[in-house]
Each structure stands twice: as structure tokens, then as C-alpha cells.
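Peer 1:
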Amino acid sequence: MKMKLTFSILIKLAILQYFSVLCIAEDFDFFYFVQQWPGSYCDTKHSCCYPRTGKPDADFGIHGLWPQNEDGSYPQNCNRDNALDEDQISDLTSSLQKDWPSLSCPSSTGFRFWSHEWEKHGTCAESEEIDQHGYFEAALKLKEKANLLQALNNAGIKPDDEFYDLDSIKEAIKDATGFTPGIECNIDASRNSQLYQVFMCVDISGSEFIECPELPKRRCASKVQFPKF
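Residues -25 to -1, 1 to 204 in mature numbering (1 follows the signal peptide of the UniProt record, and there is no 0) are what the sequence shown lists, from first letter to last.
#1: Just checking my contact of HIS108 with ILE64 at CB under 8 Å: how many whole Å lie between their CB atoms?
#2: Just grab the DSSP bridge partners of PHE174 for me.
#3: Counting only the same chain and skipping the five closest in sequence on each side, list residues whose C-beta sits under 7 Å from that of PHE138.
#4: Where does ASP66 sit, in a helix, a strand or coil, going by DSSP?
#5: Who are GLY36's beta bridge partners in DSSP?
#6: So LEU170 and PHE111 are supposed to be a Cβ contact under 8 Å. How far apart are they, rounded?
#7: Contact between the segment 40 to 47 and the segment 66 to 80 is defined here as three or more beta-carbon pairs at a separation below 8 Å; is this criterion met?
#8: Taking LEU123 as the reference, which of GLU146, ILE105, ASP106 has the closest Cα?
#9: With DSSP run on the structure shown, which of helix, strand or coil describes ILE185?
#10: Please classify ILE162: does DSSP put it in a helix, a strand, or coil?
#11: Taking the beta strand (DSSP E) that ASP140 falls in, what are its first and last residues?
#12: Let me know if ALA29 comes out buried or exposed under the rule of 16 or more other beta-carbons within 10 Å of its beta-carbon.
#13: Quick one: using the 10 Å Cβ neighbour count with 16 as the cut-off for buried, is SER168 buried or exposed?
#14: Distance check for TYR16 and LEU115, CA to CA, integer angstroms please.
#15: According to DSSP, PRO31 sits in a beta bridge with which residue or residues?
#16: According to the neighbour-count rule (16 or more other Cβ atoms, all chains shown, within 10 Å of its Cβ), is PRO81 buried or exposed?
#17: What's the call for GLN10, buried or exposed, on a 16-neighbour Cβ count within 10 Å?
#18: To the nearest angstrom, report how far apart ASP178 and PHE6 are at their CA atoms.
#19: Can you name the residues that DSSP bridges to SER168?
#20: By Cβ distance below 6 Å, which residues in the same chain neighbour CYS195 in space, the five residues on each side in sequence not counted?
#21: Please classify CYS53 as buried or exposed, where buried requires at least 16 other C-beta atoms within 10 Å of its C-beta.
#22: For PHE3, which residues from the same chain have a beta carbon less than 8 Å from its beta carbon, with the 5 sequence-adjacent residues on both sides left out?
#23: Quick test of your reading: CYS176 and ILE185, contact by CB under 8 Å. State the CB separation rounded to the nearest angstrom.
#24: Please return the same chain residues whose Cβ sits closer than 8 Å to the Cβ of residue 205, not counting the five positions on each side in sequence.
Structure below.
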């Protein structure tokens, strides 16, 4: 009798834990879709290593698709038991290597980077529509839809080591996408403010850009450098 009671309690606890994970996974207001410029990532004091597949294209690369709340908080690491399964994204691997490359050292295939993003952020967005494959596929589609480099090039803003007005960069992206971006800068060895990351907001389906309920608070100079890569 005591064993049956203990077993029953364990089952109830397991069910409770399962549903608590689901609740956490759905408890966010929107996504930040974040892309970074590789020239700025590499043009700092931090180490930069090209992927094993070779130097990436001179284009913005995906950093992540991050669940976010309007009050500035965000969920993370919502299901540590759900590690990324390489087989689940095998058909996306070539696209991920191109559009979501890892520049961290040592040189890698990118899977460790993708695993980190899934486990920290993706597990908090799990639903019937967004599983492991759906999460990465959504990010790839958003990158194609935004086409940041083309938006900036159309406005005469090119990765040529020149300095551009921060407001002009924001306006060029808004003109192309219809939505105001958040811009993050970093500092190179010469203390220049560089265009580093672009934040755009996405609805909880992970498919449509929206006006940001809350823009990230990042500091940039009024003129920022767009470094070559």
C-alpha cells in the first residue's frame, strides 16, 4: 500500500512538472529576432574564428530568436531535458551554416552555437507549432524576410569602414521592413562605435514582424562605423 502511494505521488509530481514547463514555455509576449554583423564581431579584441566550412558571406548572421516580455524580463532554459537533436534539423544544416554561422573560437560546425540558442531560448517557445525544427526554420525565414544588408545597401549604407548616422541606419531598415529596429553597437580597438547587432520584434508565432513593445536599451554613438568583412 505504501509503495502504491509513493508511486502515485511520483506520477503526480511528474505531471505537475511537465505542465509547469509548458506554462513557462508559453509565458512570453514577443520575440527578439537578433542578427549580428560579422565584421564588427571580428573587429574587436575578442577572438574570432571562421567556421570549419570556411569564411561566411559578408552578410548579417542570425544570433538568435529570443522570447521576451514587455516588462524587459525574459524566460530562459525552460526545459533542460530537451537537448537539440541534430537529426531534427538535418535538412536545415546547410542553410544554418550559411545564415547562422558561429564565429566563436575554436572553429566549429556551428552545432554547439545552435544547441545553446535552442536550450536557452528555444525551449521557452515550445508549442505544437514551434518544435526544434520549427524554431530554426522560423529564424531562417525571418532573416530572408528582413534582408538587412539589401535594405542598408539600397540606402547607400555599405560595409566599407565608413561612418553613418545611426538614425539613417534605423530609417533604412524601417523603410524596408515597415518596423523600427533596435541597434546595438560595440567598440573596436580604436574606440570606434560599430554597427554590431540589429534587434527586430516578432509575434509569438515566430512568423511576423511587429512594432517593438520594448526596444532593447543599447548605447551607440550618433555616427557608427560599418566595418568591412
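Note that the Cβ used here is the ideal one computed from N, Cα and C, for glycine as well.
Peer 2: Taking the structure as given:
#1: 6 Å
#2: VAL9, GLY157
#3: LYS198, VAL199, GLN200
#4: helix
#5: Note: GLY36 sits in a beta bridge opposite GLN11.
#6: Actually they are not in contact, since the Cβ atoms of LEU170 and PHE111 sit about 25 Å apart, beyond 8 Å.
#7: no
#8: Comparing alpha carbon positions, the residue from GLU146, ILE105, ASP106 closest to LEU123 is GLU146.
#9: strand
#10: Of the three classes helix, strand and coil, the one that applies to ILE162 here is strand, per DSSP.
#11: That run of the beta strand (DSSP E) goes 138 to 140.
#12: Per the sequence shown, the amino acid found at residue 29 is Gly instead of Ala. Looking at its Cβ environment, which holds fewer than 16 other Cβ atoms inside 10 Å, GLY29 is exposed.
#13: buried
#14: 20 Å
#15: In the DSSP output, where bridge partners are listed per residue, PRO31 has none listed.
#16: Sixteen is the threshold: since fewer than 16 other Cβ atoms of the shown chains lie within 10 Å of the Cβ of PRO81, the residue is exposed.
#17: buried
#18: Near 6 Å, if we compare the C-alpha coordinates of PHE6 and ASP178.
#19: DSSP, once it has assigned bridges, lists ILE162 as partnering SER168.
#20: LEU141, ILE158, CYS160, SER168
#21: buried
#22: Within the same chain, and ignoring the five residues on either side of PHE3 in sequence, the residues whose Cβ sits closer than 8 Å to its Cβ are PRO42, GLN43, ASN44, TYR49, PRO50, CYS99, ALA100, ILE179.
#23: 5 Å
#24: With the chain represented from -25 up to 204, any question about residue 205 goes unanswered, as that position is not in the structure.
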